[in-house]
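This is the structure in structure tokens:
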């Protein structure tokens, strides 16, 4: 019998990697009873893992859908068939119960990515076909350039001949302009302006090097250009305005719920989430008033806050102050040793001032992704030569007390540290999937964690600051109030229950923001449904996960181990983290299959999970600093999405457009991608980089706003 066990163990060691071997080995301290049944199970698990690896490889080999969104219909059908085939394989040929924890998480992210790609490809294709009826020159010019790129004589003749079709096609489109909506007409104007540039560049470049080109094709080019200009003028005659900033309209309840489930695996009803926001708003406001009375019993909360705002750096000194605090936060984390800090992340973040000409960035944000790159912590600090009133208002927002919360949120141990851990995981489905419910929830969780660890105490502040820790705590609570208000505004505005002006009023009167910063705040997040709420809801879910994890581990609980395991999975939905970290995979499988309720998985409505069980500060220290014993207030925030075209090396926007126009990038209507991305995704920020390889995928960039 011993010989059989030795043989079984040997077979397991040879064919089964150590990471999955634990699934069939005996627990430490117990007799090893490995036998033939265990070998069969081990082999089944290994076969399932290899099948899943093949599935992931197929996913990686798929050309991202953005490269096909402007291609001819025949390629669209081929692309759609490939996506649906892979979706079917994932659903029908994978036994999720045999996957290890990391594969299990990746499996659900892969399915979510495939579903999202299919839906967006369908929506984008339908939109492209609809808009092509208003700007018919765009598909013709695409075909012309595609044929010229093939460099065959027959294709060249057909390509140039297509120029003669443009006037007739545009004439037929004149009757449809009046039926188009403002958004479609606005986009078509951009298409037509791009067509004119492409045609003009093509004509000039060929006229200079091809003898007789101007005489042979000049009339066709001029007629096509004239028709395109006429179409553009017709669209502009419909009183189309192109302001730099447009307010986003409510998406409606149905779409809002769909976005929560499809993008974030959030299955709670908006009514329940709204209740959480309102109850936290009320409790945080009460705690703030109590703390303000402890600071100065003769002043109101607003008077205390206004006084705090006057303590700020001088113009031109905001970025250095943030840098000083960033370095202290990093040193503090190293000293406390509550989370692993990757070596490469310690010195690759740069603090810079950001000029916000669109008034969408009230305070600061973090921007960076990938490994080995310089990351940026940018603040919207005023310039030294700005208007005095504007400069004073901006500086009040960057007061020293607020800087503690903002720096922790954006750098250590917030976004910068979290994305440094996430960059180590290169599996395609996880790289492509992003949810702010984890990343922003983590950043807000870190604000509370640093308060628990004592980062606000005078002894832990940068040299020469000596700020009252109670005022830092009050400012932190003000941020929490701010984020609770976002939950209310996000749900109420997007479901049509609140107007734009009411949202601004809540930020000014309820939270206490300056009106300019309040409008910048609302301007940004009304374009990003579900993101404003993600900070508070994500924070609450992470606090509950920590409490449940501590109960499960008992005396063996270790805060650093909890944080390191949490960060090892990337920016994934918290429901999946509960499945792997708490052993709730079966329950989560049932919920994601649509046959179970999410009740009991998430934070009960309105309850803020106190982190007192993890607090490393002595209660005597709390009493000495006059800080509340109950950490019951929750916080969240908003992040603005940025579209990136991921691939190999990145090149500047102008260079990418140039590559597309010259036919180097075989991406079809790639030169239209820079305009369509805002409609075909949830983001509204302009693309900053495009992959030089021409293989594009739309993902959420790591650009995260502290506010």
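Numbering (this note's numbering), first residue to last: -18 to 688.
The C-beta atom is built at its ideal place from N, Cα and C for all residues, glycine as well.
Source: prediction; values computed, not measured.
Residue i by DSSP, collapsed to three states: which one?
i, result
"residue 331", "strand"
"residue 191", "coil"
"residue 207", "helix"
"residue 402", "helix"
"residue 296", "coil"
"residue 383", "helix"
"residue 196", "helix"
"residue 57", "helix"
"residue 440", "helix"
"residue 163", "helix"
"residue 446", "coil"
"residue 122", "helix"
"residue 562", "helix"
"residue 491", "helix"
"residue 362", "coil"
"residue 717", "Because residue 717 is not part of the residues shown, which for the chain are -18 to 688, the question remains open."
"residue 689", "This structure leaves residue 689 out entirely; the chain is present only between -18 and 688."
"residue 320", "coil"
"residue 76", "coil"
"residue 543", "helix"
"residue 179", "helix"
"residue 217", "helix"
"residue 413", "helix"
"residue 326", "helix"
"residue 537", "helix"
"residue 69", "helix"
"residue 62", "helix"
"residue 142", "helix"
"residue 171", "helix"
Would you mind reading off the limits of the alpha helix (DSSP H) that contains residue i?
i, result
"residue 262", "251 to 276"
"residue 550", "Element bounds for residue 550: n/a, residue is neither H nor E."
"residue 301", "299 to 317"
"residue 284", "282 to 290"
"residue 40", "17 to 42"
"residue 692", "For the chain, the structure presents residues -18 to 688; residue 692 sits outside this window and is missing."
"residue 501", "496 to 506"
"residue 518", "515 to 534"
"residue 371", "369 to 378"
"residue 234", "234 to 245"
"residue 94", "82 to 113"
"residue 569", "566 to 573"
"residue 426", "417 to 434"
"residue 148", "147 to 154"
"residue 158", "That residue, residue 158, is in no alpha helix (DSSP H); it is neither H nor E in DSSP."
"residue 484", "481 to 486"
Counting C-beta neighbours from all protein chains within 10 Å, is the total for residue i 16 or more, i.e. buried, or is it exposed?
i, result
"residue 261", "buried"
"residue 246", "buried"
"residue 301", "exposed"
"residue 509", "buried"
"residue 289", "buried"
"residue 103", "exposed"
"residue 286", "buried"
"residue 536", "exposed"
"residue 189", "exposed"
"residue 152", "exposed"
"residue 421", "buried"
"residue 264", "buried"
"residue 87", "buried"
"residue 533", "exposed"
"residue 120", "buried"
"residue 176", "buried"
"residue 466", "buried"
"residue 519", "buried"
"residue 499", "buried"
"residue 513", "buried"
"residue 706", "One cannot answer for residue 706 here, as it falls past the ends of the chain, which runs -18 to 688."
"residue 66", "exposed"
For chain C, check one thing: does any of its Cβ atoms lie closer than 7 Å to the Cβ of residue i?
i, result
"residue 251", "Looking for chain C here will not work: only one protein chain is present."
Report yes if the C-beta of residue i is less than 6 Å from at least one heavy atom of the ligand FAD; otherwise report no.
i, result
"residue 512", "Among the components of this structure there are no ligands whatsoever, and the ligand FAD is therefore not found."
Which whole-angstrom value describes the C-beta separation of residue i and residue j, a residue pair presumed to lie in contact below a C-beta threshold of 8 Å?
i, j, result
"residue 411", "residue 37", "So it is not a contact: roughly 10 Å between Cβ atoms."
"residue 468", "residue 484", "Actually they are not in contact, since the Cβ atoms of residue 468 and residue 484 sit about 12 Å apart, beyond 8 Å."
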